[in-house]
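> Numbering (full-length UniProt numbering), first residue to last: 1 to 613.
My questions all concern the structure below.
Okay, structure coming up:
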């Protein structure tokens, strides 16, 4: 009997359906010589401190550094306190019985770090010794599943993936358990003050931006604007310099040779520069970039987008959602024309899909070397049917981006005019000659939002134009905006470094905070801890969050770049780097931060859960 284990019942049912297995049992499905069973996500977790002999919350226990980690059944609350989840115990017993009888075990949990961890923890907890094979697919379509089963991989091929996941799990336990107890005990007010390896530097980023914004003192500055006129088409030009005082700006304004002062042609065109510019299409979506777009367009939370995308994946409509890659390989690119063909009837994108059929496709997103475990998110060619409004919106973001990514470049002409009228003034404008990829969503160019002119007239260097209007403008500097989920996700990719170039930002993804698959849960954890809250679209710290931040902001645990380097190390372990070196480094770090936090205290009482002794 071949036993196939999936990550959740719905996925097991879909795979069973492909095989024609319909005999439903308690905790599994069987038929055609196969048995299909499942987990419910993480059935097992690293054991709590008391299972290693660390009873109660006691300074003498810290730091807690188990010589060997144990696995424990997922817990639920009951009248007696936290107990082993009965449904998990039952399912583990079913899986053990099936594994004992199996002639072959096939792993069909999600093909990624967490999916591997879910299976391996079950496998090791049940002390199973049988060899297993791995199903590795990027799509849940029937054909992808069949192709995956024709190309099963030895389970040992994914040992380094498990090593990376297990090291991540251990480091989160060591840092989270020790730091939380150390700070909570040192506060002296019987409050649980949760800290974490990724959670705390993320909180620090949100608090730092909030305080910077709140304490920002705007600086007043002045500009002068003029309106030259070319054959009845007026345009606006702004002083080349900003002025600190109103008097300086007024002096410039007074020197403008305008019509009202009797100058029929007071604007002399010093230069006209018109540069063509080719704007490449955006890269395909990974999970993080899609979450950012969904937050900007629809106000969806990162967690909401992930949930919808996971549903679309399990409905066979899109490829694997928890990917960190924005590229595809040449093998997948060969399938793209057929996927575009399927979008010809799409109510919004059909025209652009039809245009692309038979065209030479842009290959900016095609680079096999930049594809890690999974390629970028694509549609599968399966036609969506009666999707909810939110599901349709996310599906359309995937489909629309796919068309954009393989579309032609956008051709622009960027014009800059310098006008002399007492002082120098500049006018700029952008004209799109060929929309290319921008025609898919047909949205305004972000770069044009700050431009003073919708269009500029044709002017010639050396000619003189009348200045029909002039004005003194009072402006003020603005603070950096508060983080919303889109901007926070973008910042987490680069451990807080502000990088707009999407390829450079992508190159830093292995040094970011968390992974595309975990960043949504980090935000939700901070909200659950009442450290931050959502105010409209913004993420704002609570009093508790600010109190914690004020205590830890100068400690290592709040340093985003340090935590980012660990993510890079975990990726290196995935590629075969030393596990022991990383583990020793984390233990040394844990000793260090535990001592740091035991020496600090909370300056004022905070609202939090009582410490469970």
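No residue lacks a Cβ here, since even glycine has one placed at the ideal position from N, Cα and C.
The structure presented is a predicted model; accordingly, all values stated were derived computationally and were not measured.
#1: Quick check: what's the CA-CA separation for residue 247 versus residue 239?
#2: Exposed or buried, residue 590, counting other C-beta atoms within 10 Å across all chains shown (16 or more means buried)?
#3: What does the Cβ neighbour count give for residue 274, buried or exposed, with the cut at 16 atoms within 10 Å?
#4: Between residue 357 and residue 345, is the Cβ-Cβ spacing less than 9 Å?
#5: In chain order, what residues of the same chain have a beta carbon less than 7 Å from the beta carbon of residue 32, not counting five sequence neighbours either side?
#6: Tell me which residues share the same chain as residue 182 and place their Cβ nearer than 7 Å to its Cβ, disregarding the 5 neighbours each side in the sequence.
#7: From this set, 485, 310 and 524, which residue's C-alpha is nearest residue 298's C-alpha?
#8: For residue 82, name the three-state secondary structure that DSSP assigns.
#9: Measure the beta-carbon distance from residue 379 to residue 398 and round it to whole angstroms, keeping in mind my assumption that it falls under 8 Å.
#10: From residue 604 to residue 547, what does the alpha carbon distance come to, in whole angstroms?
#11: Look at the alpha carbon of residue 159 and the alpha carbon of residue 166, and state the distance between them as a whole number of angstroms.
#12: First and last residue of the beta strand (DSSP E) that includes residue 534?
#13: Going by alpha carbons, who is nearest to residue 201 out of 557, 118 and 254?
#14: Closest by CA to residue 149, which one among 10, 108, 129 and 118?
#15: Measuring only the C-alpha atoms, how far is residue 377 from residue 284?
#16: Express the C-alpha separation of residue 43 and residue 135 in angstroms, rounding to a whole number.
#17: So, with DSSP's three-state summary, where would you put residue 32?
#18: Anyone know if the C-beta pair for residue 323 and residue 286 falls short of 9 Å?
#19: Between residue 574 and residue 164, which are expected to be in contact by the criterion C-beta below 8 Å, what is the C-beta distance as a whole number of angstroms?
#20: Any beta-carbon of chain B closer than 9 Å to the one on residue 6?
#21: Buried or exposed: where does residue 588 fall if 16 or more other Cβ atoms within 10 Å of its Cβ makes it buried?
#22: Label residue 476 either buried or exposed according to how many other C-beta atoms from any shown protein chain fall within 10 Å of its C-beta, with 16 as the threshold for buried.
#23: By alpha-carbon positions, which one of 422, 427 and 402 ends up nearest to residue 414?
#24: Cβ atoms of residue 67 and residue 374: under 9 Å apart, would you say?
#25: With residue 541 as the anchor, note down where its beta strand (DSSP E) starts and where it stops.
#26: Using the Cα positions of residue 336 and residue 579, report the straight-line distance between them to the nearest angstrom.
#27: Counting only the same chain and skipping the five closest in sequence on each side, list residues whose C-beta sits under 8 Å from that of residue 314.
#28: Classify residue 241 as helix, strand or coil using the three-state DSSP reduction.
#29: Assuming residue 462 and residue 257 make a contact with CB atoms under 8 Å, what is their CB distance in whole Å?
#30: Please return the same chain residues whose Cβ sits closer than 7 Å to the Cβ of residue 396, not counting the five positions on each side in sequence.
#31: Quick test of your reading: residue 38 and residue 8, contact by CB under 8 Å. State the CB separation rounded to the nearest angstrom.
#32: Please list the segments of the alpha helix (DSSP H) lying wholly inside the UniProt domain "Toprim" (1-141), counting only runs of 4 or more residues, in order along the chain.
#33: Is residue 427 helix, strand or coil by DSSP?
#34: Name the residue from 58, 99 and 76 whose alpha carbon lies nearest to the alpha carbon of residue 5.
#35: Using only alpha-carbon positions, find the residue among 90, 436 and 129 that is nearest to residue 351.
#36: Among all the DSSP beta bridges, which residues are the ones paired with residue 228?
Inspection of the coordinates gives the following:
#1: Inter-residue distance for residue 247 and residue 239 is about 15 Å (C-alpha atoms, whole angstroms).
#2: The residue is buried, with at least 16 neighbouring Cβ atoms inside 10 Å.
#3: That one is exposed.
#4: No, the Cβ-Cβ distance between residue 357 and residue 345 is not below 9 Å.
#5: Once the five neighbours on either side are set aside, the close Cβ partners of residue 32 are 19, 20 and 21.
#6: Within the same chain, residue 182 has close Cβ partners 62, 594, 597 and 598.
#7: Measuring C-alpha to C-alpha distances from residue 298 to each of 485, 310 and 524 identifies 485 as the nearest.
#8: In the three-state scheme derived from DSSP, where H, G and I count as helix and E and B as strand, residue 82 is classed as strand.
#9: Right, their Cβ atoms sit about 6 Å apart.
#10: With a pLDDT of 47 at residue 604, under the threshold of 50, the modelled position of this residue cannot be trusted; read the value that follows with caution. One alpha carbon belongs to residue 604, the other to residue 547, and they sit about 8 Å apart.
#11: Our two residues, residue 159 and residue 166, have alpha carbons roughly 10 Å apart in a direct line.
#12: 532-535 is the span of the beta strand (DSSP E), which, as asked, contains residue 534.
#13: The shortest Cα separation from residue 201 among 557, 118 and 254 belongs to 557.
#14: Nearest option by C-alpha distance: 108.
#15: Looking at the two C-alpha atoms, the distance is approximately 7 Å.
#16: About 20 Å.
#17: Looking at residue 32 - three-state DSSP - the assignment turns out to be coil, as it is neither helix nor strand.
#18: Their beta carbons are under 9 Å apart, which means residue 323 touches residue 286 by this criterion.
#19: With a Cβ gap of about 4 Å, residue 574 and residue 164 count as contacting.
#20: The structure shown contains no chain B; it holds only a single protein chain.
#21: Result: exposed.
#22: With fewer than 16 other Cβ atoms from the protein chains shown falling within 10 Å of its own Cβ, residue 476 counts as exposed.
#23: Comparing alpha carbon positions, the residue from 422, 427 and 402 closest to residue 414 is 427.
#24: No, Cβ-Cβ distance for residue 374 and residue 67 is not below 9 Å.
#25: From DSSP, the beta strand (DSSP E) with residue 541 extends over 538-541.
#26: So the two alpha carbons sit approximately 39 Å from each other.
#27: Answer for residue 314: 10, 11, 14 and 140, listed in chain order.
#28: In the structure shown, residue 241 falls within a coil segment according to DSSP collapsed to helix, strand and coil.
#29: Contact between residue 462 and residue 257 does not hold, since their C-beta atoms are separated by about 16 Å, which reaches or exceeds 8 Å.
#30: Once the five neighbours on either side are set aside, the close Cβ partners of residue 396 are 348.
#31: Right, the Cβ-Cβ distance comes to about 6 Å (below 8 Å), so this counts as a contact.
#32: DSSP runs (the alpha helix (DSSP H)) wholly in the UniProt domain "Toprim" (1-141): 9-19, 86-101 and 113-125.
#33: DSSP, read as helix, strand or coil, puts residue 427 in strand.
#34: Measuring from the Cα of residue 5, the nearest candidate turns out to be 99.
#35: Distances from the alpha-carbon of residue 351 to those of 90, 436 and 129 put 436 closest.
#36: DSSP, once it has assigned bridges, lists 467 as partnering residue 228.
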